[in-house]
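Peer 1: One structure, pasted below without further comment.
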Amino acid sequence: MRPRATALFDRLDLLEWQLCRRIARLSLHRPWLATLRLASKLGDWPVWVALIAAQPLLHESLGIQRLLQYSITALVAIAVYRLVKTRLCRERPFITFVNIIQCGEPARDRYSFPSGHTMHAVMFCVMTSVHAPWLMPLLVPLSLLIALSRVGLGLHYISDVVAGAAIGWAFALASLHLAG
1 MRPRATALFD
11 RLDLLEWQLC
21 RRIARLSLHR
31 PWLATLRLAS
41 KLGDWPVWVA
51 LIAAQPLLHE
61 SLGIQRLLQY
71 SITALVAIAV
81 YRLVKTRLCR
91 ERPFITFVNI
101 IQCGEPARDR
111 YSFPSGHTMH
121 AVMFCVMTSV
131 HAPWLMPLLV
141 PLSLLIALSR
151 VGLGLHYISD
161 VVAGAAIGWA
171 FALASLHLAG
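Structure (structure tokens):
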């Protein structure tokens, strides 16, 4: 008997593959592909590490506390994300459907659900919206581009990105609540 999650993912895959294929096909345009690759690389870690490291500069009296809050939240989120990802084992779109183009961006692992890039983008966006809202005109478009890049590069289904966003939102809210 197949696990319920696998059967659910099989149904979602069939519902989403055509839209994912269309979005990935847009990546055949070189300037757009370059933009998506850059967004994906930035969402890998550089922007978030810089944001964490900048906390003492952004908040005079609470900078170290914010640095610790963002760091601990990120580490807990990564641990839960990896646990979920390795238990649910949803294949990436370019693996399941040969007609979804993977646009040269290497996948860190075989599985797609949920999107860790999107999880981090949303998580840090929500946390920053409370602590440094003036950064939102930069972070919101970047976060949206990171999420779009994951589908556009053939690495994730739309539902992977939506789930990653929901998980990121939940971790951010929990972190903000716990830090008071």
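For the sequence shown, UniProt numbering gives the first residue as 1, with consecutive numbering after it.
Note that the Cβ used here is the ideal one computed from N, Cα and C, for glycine as well.
All of these numbers come straight from a predicted model, not from anything done at the bench.
(1) What does a CB cutoff of less than 7 Å around residue 179 pick up in its chain, not counting 5 residues either side in sequence?
(2) Could you tell me the distance, in whole angstroms, from the CA atom of residue 151 to the CA atom of residue 87?
(3) Secondary structure at residue 157, three-state DSSP: helix, strand or coil?
(4) Could you compute how far the alpha carbon of residue 183 sits from the alpha carbon of residue 156?
(5) How close, in whole Å, do the beta carbons of residue 143 and residue 16 come, if the pair is a contact with beta carbons under 8 Å?
(6) Using the Cβ count rule (16 or more neighbours within 10 Å means buried), how would you classify residue 28?
(7) State buried or exposed for residue 1, treating a residue as buried only when at least 16 other CB atoms are found within 10 Å of its CB.
(8) Taking only three categories from DSSP, how would you classify residue 91?
(9) Can you give me the start and stop residues for the alpha helix (DSSP H) that residue 37 sits inside?
(10) Could you tell me the distance, in whole angstroms, from the CA atom of residue 64 to the CA atom of residue 51?
(11) Between residue 128 and the rest of its own chain, which residues show a CB-CB distance below 8 Å, the 5 nearest in sequence each way excluded?
(12) Which residues in the same chain have their Cβ closer than 7 Å to the Cβ of residue 175, if we skip the five residues on either side of it in sequence?
Peer 2: So, from the listed chains and residues:
(1) Same-chain partners within the cutoff: 69.
(2) Straight-line Cα distance between these residues: approximately 21 Å.
(3) In the structure shown, residue 157 falls within a coil segment according to DSSP collapsed to helix, strand and coil.
(4) Residue 183 lies beyond the residue range present for the chain, which begins at 1 and ends at 180; the question has no answer from this structure.
(5) Wrong, their Cβ atoms sit about 21 Å apart, outside the cutoff.
(6) Under the 10 Å beta carbon count, residue 28 is surrounded by fewer than 16 other beta carbons and is classified as exposed.
(7) Here the model assigns residue 1 a pLDDT of 42, short of 50, so the residue's position is not dependable and the matter cannot be decided.
(8) Strand.
(9) Residues 30-44.
(10) Going from the Cα of residue 64 to the Cα of residue 51 covers about 13 Å.
(11) Counting only Cβ-Cβ distances below 8 Å, and skipping sequence neighbours, we find 51, 135, 136 and 139.
(12) Within the same chain, residue 175 has close Cβ partners 69, 73 and 127.
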